[in-house]
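Student: Please see the structure below; I have some questions.
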Amino acid sequence: MGENNGTRKLAIICSKGSLDMAYPGLVLANAARQAGVEAVLFFTFWGMEIIHKEKQKNLKVSTVGNPSMHMPTVLGGIPGMSTMASSMMKKKIDELDIPPIDEFVEMIHDAGAKLYACRMAADMMDIKEEDLVPQVDGIISAMDFIDISEGAQTIFI
Amino acid sequence: MGENNGTRKLAIICSKGSLDMAYPGLVLANAARQAGVEAVLFFTFWGMEIIHKEKQKNLKVSTVGNPSMHMPTVLGGIPGMSTMASSMMKKKIDELDIPPIDEFVEMIHDAGAKLYACRMAADMMDIKEEDLVPQVDGIISAMDFIDISEGAQTIFI
Amino acid sequence: MGENNGTRKLAIICSKGSLDMAYPGLVLANAARQAGVEAVLFFTFWGMEIIHKEKQKNLKVSTVGNPSMHMPTVLGGIPGMSTMASSMMKKKIDELDIPPIDEFVEMIHDAGAKLYACRMAADMMDIKEEDLVPQVDGIISAMDFIDISEGAQTIFI
Numbered sequence: 110m111g112e113n114n115g116t117r118k119l120a121i122i123c124s125k126g127s128l129d130m131a132y133p134g135l136v137l138a139n140a141a142r143q144a145g146v147e148a149v150l151f152f153t154f155w156g157m158e159i160i161h162k163e164k165q166k167n168l169k170v171s172t173v174g175n176p177s178m179h180m181p182t183v184l185g186g187i188p189g190m191s192t193m194a195s196s197m198m199k200k201k202i203d204e205l206d207i208p209p210i211d212e213f214v215e216m217i218h219d220a221g222a223k224l225y226a227c228r229m230a231a232d233m234m235d236i237k238e239e240d241l242v243p244q245v246d247g248i249i250s251a252m253d254f255i256d257i258s259e260g261a262q263t264i265f266i
Numbered sequence: 110m111g112e113n114n115g116t117r118k119l120a121i122i123c124s125k126g127s128l129d130m131a132y133p134g135l136v137l138a139n140a141a142r143q144a145g146v147e148a149v150l151f152f153t154f155w156g157m158e159i160i161h162k163e164k165q166k167n168l169k170v171s172t173v174g175n176p177s178m179h180m181p182t183v184l185g186g187i188p189g190m191s192t193m194a195s196s197m198m199k200k201k202i203d204e205l206d207i208p209p210i211d212e213f214v215e216m217i218h219d220a221g222a223k224l225y226a227c228r229m230a231a232d233m234m235d236i237k238e239e240d241l242v243p244q245v246d247g248i249i250s251a252m253d254f255i256d257i258s259e260g261a262q263t264i265f266i
Numbered sequence: 110m111g112e113n114n115g116t117r118k119l120a121i122i123c124s125k126g127s128l129d130m131a132y133p134g135l136v137l138a139n140a141a142r143q144a145g146v147e148a149v150l151f152f153t154f155w156g157m158e159i160i161h162k163e164k165q166k167n168l169k170v171s172t173v174g175n176p177s178m179h180m181p182t183v184l185g186g187i188p189g190m191s192t193m194a195s196s197m198m199k200k201k202i203d204e205l206d207i208p209p210i211d212e213f214v215e216m217i218h219d220a221g222a223k224l225y226a227c228r229m230a231a232d233m234m235d236i237k238e239e240d241l242v243p244q245v246d247g248i249i250s251a252m253d254f255i256d257i258s259e260g261a262q263t264i265f266i
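Protein chains in written order, with the numbering used here: chain V, 110 to 266; chain D, 110 to 266; chain H, 110 to 266.
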């Protein structure tokens with residue numbers, strides 16, 4: 110742990126729990142593994158939901174506050190809209206043969222990516238190891254992450 | 110592509126379509142080029158709007174959900190507010206002689222930055238190459254990005 | 110400045126002013142310093158509030174637009190909700206013995222992290238050096254940041 114043996118490594122911090130910000134980390138980790146690059150994912154804050162047994166299937170697109178959605182934000186604020194945008198995105202994702210979040214997490218784990226949850230975030234949110242999917246390799250501290258990410262290209266999502 | 114010849118390189122993933130999150134990537138890419146550092150930008154998800162012919166002139170500041178705006182979010186949710194915050198920001202940007210988004214994209218391209226759109230995001234949003242500004246060097250996959258960003262300092266915005 | 114003498118370095122760009130996105134940068138910088146890794150923080154856009162004398166004590170959790178909060182966004186849009194979520198988070202943070210933002214900024218500065226504010230953001234927001242906490246080592250340009258972050262692992266929050 111922490112040794113940089115010259116192998117290329119990608120360390121991705123996943124801090125967001127929206128569908129649109131969950132995919133980028135998974136897609137990059139997957140592409141890295143396909144290219145023979147080591148991939149480490151560190152889930153923290155809202156990103157914990159990506160590896161949470163009950164929550165990972167219910168991620169939604171973030172519409173409110175995203176001016177890119179080109180909806181008046183008042184509409185974006187209606188509870189049903191995020192759900193609607195989410196089903197549209199899920200449909201598109203399905204058409205493109207991109208796996209849903211839970212399968213994608215399994216897939217990158219099987220491809221050799223390492224998945225860690227943040228200790229501080231787990232403590233703040235009262236999340237236990239048994240609440241997380243079995244692909245998670247452990248709950249680690251920020252200092253452990255600093256150690257693990259030595260020599261890596263780091264990305265914060 | 111993918112060879113790391115020892116030159117310093119900055120690879121920036123632009124995933125947001127708000128005015129306040131479009132500038133940081135452009136400013137960093139520009140500063141990198143001024144300093145003789147290679148710059149590669151990879152536009153994905155909402156960030157596609159920054160290089161979209163019709164949309165790049167209409168980016169707005171993200172007000173709702175940004176507690177930094179110091180407006181009650183109910184006000185932030187009124188359609189006109191994002192537009193108002195956006196004109197205020199655009200006015201300030203203009204006063205500081207910072208180019209608008211479309212000119213900034215041209216400027217960093219002319220300075221030698223490479224601009225790529227994400228294939229998966231393009232497919233999800235039904236965006237074709239002809240919808241994008243001519244400064245875009247191509248639509249590439251996440252694996253191509255992994256290849257191109259070898260040896261780079263990577264930033265995800 | 111800009112010389113890469115082989116020491117490991119972490120350069121963190123803090124662009125968000127919400128409580129939940131202020132902590133990750135501070136926690137990572139602190140962990141880096143504990144591990145003997147150089148840490149440089151560059152505050153820009155909404156992130157300026159983290160080092161702003163009057164504003165750093167009043168950061169709030171971003172609820173609206175964060176589908177992870179599992180509140181209908183209409184509720185998230187009620188002014189009091191962000192405040193309520195913020196007090197809950199602050200209570201949790203206090204229970205876990207994590208210092209409040211102002212003390213955390215002092216702590217990482219005392220641990221040897223370098224803190225810089227972004228010139229362009231300062232100009233856009235009419236923020237002067239005297240508006241910032243004394244731990245800030247200076248207001249610098251994006252080009253200075255490119256120089257300072259040479260050889261660093263870079264993170265954009």
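Glycine included, each C-beta is placed from N, C-alpha and C at the ideal position.
Does any C-beta atom of chain D lie closer than 9 Å to the C-beta of V:D219?
Tutor: Using beta-carbon distances, V:D219 does not count as an interface residue toward chain D, since no partner is under 9 Å.
Student: Quick one, which of H:L241, H:A261 and H:S171 has its alpha-carbon nearest H:Y132's?
Tutor: H:S171
Student: Answer yes or no: does any C-beta atom of chain H fall closer than 9 Å to that of V:S124?
Tutor: yes
Student: Could you name the residues that DSSP lists as bridge partners for V:F151?
Tutor: V:I122 and V:Y225
Student: Leaving aside the five residues before and after V:I236 along the sequence, list all residues of the same chain whose C-beta is less than 8 Å from its C-beta, in chain order.
Tutor: M157, H161, A226 and A230
Student: Name, in chain order, the residues that DSSP records as bridge partners for H:L241.
Tutor: Per DSSP, the beta-bridge partners of H:L241 are H:H161.
Student: With a threshold of 9 Å between beta carbons, is D:A140 in contact with chain H?
Tutor: yes
Student: With distances taken Cα to Cα, identify the nearest neighbour of V:A138 among D:M252, D:D240, D:E215 and D:L168.
Tutor: D:M252
Student: Whole angstroms is fine: what's the gap from H:G186's alpha carbon to H:C123's?
Tutor: Since pLDDT at H:G186 reaches only 49, below the 50 mark, its modelled position is unreliable, and the value read off the structure follows with that caveat. So the alpha carbons of these two residues sit roughly 25 Å apart.
Student: Please report how far the alpha carbon of V:D240 lies from the alpha carbon of H:I248, in whole angstroms.
Tutor: 44 Å
Student: For H:F265, write down the residues that DSSP places opposite it in a beta bridge.
Tutor: Bridge partners of H:F265: H:I122.
Student: Nearest to H:Q165 by CA position, among H:L150, H:V242, H:V146 and H:D256, is which residue?
Tutor: H:V242
Student: Could you name the residues of the same chain whose beta carbon sits closer than 7 Å to that of D:G134, not counting the 5 residues immediately before and after it, in chain order?
Tutor: Closer than 7 Å at Cβ, skipping near neighbours: I121, C123, L150 and I266.
Student: Run down chain D in chain order and give the residues with a C-beta less than 7 Å from the C-beta of H:A231.
Tutor: The premise fails here: H:A231 is roughly 11 Å from chain D at the closest Cβ pair, so nothing lies under 7 Å.
Student: Is the beta carbon of V:M130 within less than 8 Å of some heavy atom of the ligand NAP?
Tutor: Absence of the ligand NAP from the depicted structure is noted, as is the absence of any ligand whatsoever, leaving it without description.
Student: What does the Cβ neighbour count give for H:D96, buried or exposed, with the cut at 16 atoms within 10 Å?
Tutor: The structure shown does not extend to residue 96 of chain H, since chain H is modelled only from 110 through 266, so no value can be given for it.
Student: If you count every other CB in all the chains shown that lies within 10 Å of the CB of V:D129, and 16 or more means buried, which is it?
Tutor: buried
Student: Using a Cβ-Cβ cut-off of 9 Å, state whether D:A194 counts as contacting chain H.
Tutor: Interface annotation, D:A194: not in contact with chain H, CB-CB separation never under 9 Å.
Student: When you compare each of D:M233, D:D246 and D:H218 to V:M197 by their alpha carbons, which one comes out closest?
Tutor: D:M233
Student: For V:D211, which residues of its own chain have a beta-carbon under 8 Å away from its beta-carbon, when the five flanking residues on both sides are left out?
Tutor: Q165, K166 and V242
Student: So the alpha helix (DSSP H) H:I255 belongs to, where does it begin and stop?
Tutor: A251 to I257
Student: How many Å lie between V:G145 and V:E238 at the Cα?
Tutor: 29 Å
Student: Pick out whichever of H:S127, H:R142 and H:G126 has its Cα sitting closest to the Cα of H:T267.
Tutor: A query on residue 267 of chain H cannot be resolved here, the shown segment of chain H reaching from 110 to 266 and no further.
Student: On the DSSP letters alone, give me the boundaries of the alpha helix (DSSP H) that D:N167 sits inside.
Tutor: Counting along the chain, D:N167 falls outside any alpha helix (DSSP H), and DSSP gives it neither H nor E.
Student: DSSP state of H:G260, grouped into three classes?
Tutor: In this structure, H:G260 counts as coil in the three-state DSSP scheme.
Student: Mind listing which residues of the stretch 248-260 of chain V have their C-beta closer than 8 Å to chain H's C-betas, in chain order?
Tutor: S250, A251, M252, F254, I255, D256, S258 and E259
Student: By the DSSP assignment, the alpha helix (DSSP H) with H:A141 in it spans what residues?
Tutor: For H:A141, the enclosing alpha helix (DSSP H) begins and ends at L128 to Q143.
Student: Could you tell me the distance, in whole angstroms, from the CA atom of H:T263 to the CA atom of H:L119?
Tutor: 6 Å
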